[in-house]
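The structure appears below as structure tokens.
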Amino acid sequence: MKGFLKSLKKSLDARIWKRFSRGWLSLLEGFGNFLLKELKVLARDPKILLGMIIVPLVIFPVMGAVMGYAVQTAKEQAVKATLIVVDNDRGNWSRSFINFLNSLSAVGFNLTVYVENNIEPLNSEKALQLLSKYNTTQILEIPKGFSENVTAHFSNPQIRAYLRFYGVLRGTSVFESVGSSVVDALINQFNRAVAPDVLYSEKATVIKGEIKRGVDPTVVSSLLNSQSIALPVTILILLMSAVQVAATSVAMEKEEKTLETLLTLPLDRLAILWGKLFSSIIVAAVGAVAFMAGYSYMLSSITAGIPESLNLDLAALGLVPSTFGYLLLGLSLFATLLSALALAVILSAFAEDVRSAQSFVSYIYPFVFIPSLALMYLDINALPFALRLVFYAIPFSHPVIASKAVIMGDYWTASLGIVYVFAFTIIVMYVASRFFATEKILTAKMKFKGLLKKRETTPSEEF
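Under my numbering, the first residue of the sequence shown is numbered 1, with each subsequent residue one higher.
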């Protein structure tokens, strides 16, 4: 009897497990077939293929190439440097130090040294003359008493000799402090060769043609880099938000068939276009302000622990935009926003729904992302001429270029950029207004020949 019950139990367990496994296999098979079908549909949609796959595959390699070039250039500048040495000591140890610098070429450090003697005092005017004469950005002064202090150090280690380093601040590149780091490395090598801690450096920064003594170029560059990140991020968020809002607004009205009603109202169509553009700017600006409020709080929390000795007053150094600089920056951003929104309206007019509109406007993103993120860390004047022309040709890069130019007092670059962006904006606005003035705004549809099959039989305007 017990054996019969055991066999019955095993039989029931086997049947239950068989039914359970069949159910799961059927479920998994159905899920797999449906998943494959959905993936095929999405992969065949060129709007998704281009906007979500191909565009990111283009953005990041291009950015990597730009950053890689910048890093390689910084390495070459560090290895192949040019340095002016002003010898105001004319002693044995000053000559030994200069000979040490000249001997570095034997160990692979291609340092070109130009020596000038007895230039006292080394003020801003004389420093600029030397920098212009030798076309370099670094001066190392050996002051009087240098040799005497080095000799005294061997009997009294508390006595040390010092050198004065002057570095020119040319821009806000992340690699701007390479020269100061190179001089620190040279002094460390000389100390290892002669005596530990026999030399130290007093650093000064040449800012807009004036020597700021006691200001380390590395600290200035670091502060400018940390602060210059905020504005490009704001511009990036503002452009993306405004473009999405404008595209969604037009696409929703086309999808819900309310655009036809809107265009029949006794309003000038150009007024409708301007209303859409400016409403998008306002909504995007509110979002950008909220984002930057949180972002600024995060930055202030990070920088709260920085020692006060490293917290320089950039306004006192003349590295804060003037009122005129802020005006130029605002004009540049306004013109760029208008051009981006007009492009978004034109592209979204070809969309059948909101999803298509968001895919279409994603084609603008590479031209927004690449300049904003690349110029966030690089100085455009340090790039090759051909690459500079590419960045100048992209209208969305000019607010970032202007933000850095006005800090350095270069108002011509910002002004010419504004003229170019306004010219581009006028062309785009003209195209958008002409597009709104016709019935194509209601019937236009973008067709990807060979990729997108025609799903509707209703007549439409195809491009």
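Backbone N, C-alpha and C fix where the C-beta goes; we use that ideal spot for every residue, glycine too.
Relative to the alpha-carbon of residue i, which residue among the options has its alpha-carbon at the smallest distance?
i, options, result
"residue 238", "281, 219, 314 and 138", "281"
"residue 360", "243, 192, 197 and 97", "243"
"residue 114", "84, 403 and 364", "84"
"residue 95", "156, 32 and 146", "146"
"residue 148", "322, 92, 186 and 129", "92"
"residue 109", "150, 67, 71 and 186", "186"
"residue 71", "224, 379 and 257", "379"
"residue 332", "430, 104 and 425", "425"
"residue 269", "199, 438 and 33", "438"
"residue 375", "355, 434, 235 and 326", "235"
"residue 198", "217, 182, 214 and 162", "162"
"residue 180", "152, 156 and 217", "217"
"residue 141", "87, 170 and 150", "87"
"residue 434", "381, 34, 337 and 273", "273"
"residue 152", "39, 195, 431 and 69", "195"
"residue 411", "190, 325 and 399", "325"
Can you tell me which of the three DSSP states residue i falls into?
i, result
"residue 162", "strand"
"residue 319", "coil"
"residue 314", "coil"
"residue 419", "helix"
"residue 140", "strand"
"residue 83", "strand"
"residue 281", "helix"
"residue 185", "helix"
"residue 384", "coil"
"residue 459", "Low confidence applies to residue 459: its pLDDT is 45, below 50, so where it sits in the model is not reliable, and the reading given next is rough at best. In the structure shown, residue 459 sits in coil (DSSP, three-state: anything other than H, G, I, E or B)."
"residue 266", "coil"
"residue 349", "helix"
"residue 448", "For residue 448, the predicted structure reports a pLDDT of 46, less than 50, and the residue's modelled location is therefore unreliable. The matter cannot be settled from this model."
"residue 123", "coil"
"residue 325", "helix"
"residue 40", "helix"
"residue 157", "coil"
"residue 272", "helix"
"residue 438", "coil"
"residue 258", "coil"
"residue 145", "coil"
"residue 427", "helix"
"residue 453", "Caution applies to residue 453, whose pLDDT of 46 falls short of 50 and renders its modelled position unreliable; the model cannot decide the point."
"residue 98", "helix"
"residue 59", "helix"
"residue 401", "helix"
"residue 72", "helix"
"residue 35", "helix"
"residue 53", "helix"
"residue 342", "helix"
How about residue i and residue j: are their beta carbons less than 9 Å apart?
i, j, result
"residue 353", "residue 210", "no"
"residue 414", "residue 319", "no"
"residue 165", "residue 203", "yes"
"residue 90", "residue 118", "yes"
"residue 168", "residue 112", "no"
"residue 417", "residue 427", "no"
"residue 366", "residue 59", "yes"
"residue 212", "residue 373", "no"
"residue 346", "residue 370", "no"
"residue 231", "residue 403", "yes"
"residue 245", "residue 219", "no"
"residue 351", "residue 342", "no"
"residue 348", "residue 423", "no"
"residue 322", "residue 406", "yes"
"residue 335", "residue 421", "yes"
"residue 67", "residue 377", "yes"
"residue 137", "residue 128", "no"
"residue 122", "residue 98", "no"
"residue 223", "residue 314", "yes"
"residue 208", "residue 64", "no"
So residue i is in the beta strand (DSSP E); what residue range does that whole segment cover?
i, result
"residue 112", "110-117"
Taking residue i as part of the alpha helix (DSSP H), name the residues at either end of that continuous run.
i, result
"residue 194", "Note, residue 194: premise wrong, no alpha helix (DSSP H); not H, not E."
"residue 408", "Segment: none, residue 408 is in no alpha helix (DSSP H) and carries neither H nor E."
"residue 253", "230-255"
"residue 367", "365-377"
"residue 360", "354-361"
Residues bridged to residue i by DSSP?
i, result
"residue 152", "Partner(s): none; residue 152 has no beta bridge."
"residue 133", "DSSP output for residue 133 lists no bridge partner at all."
"residue 90", "According to DSSP, residue 90 bridges with nothing at all."
"residue 204", "166 and 213"
Looking at the C-beta of residue i, does it have a partner C-beta in chain B at a distance below 9 Å?
i, result
"residue 191", "Of the protein chains in the structure, only one exists, and it is not chain B."
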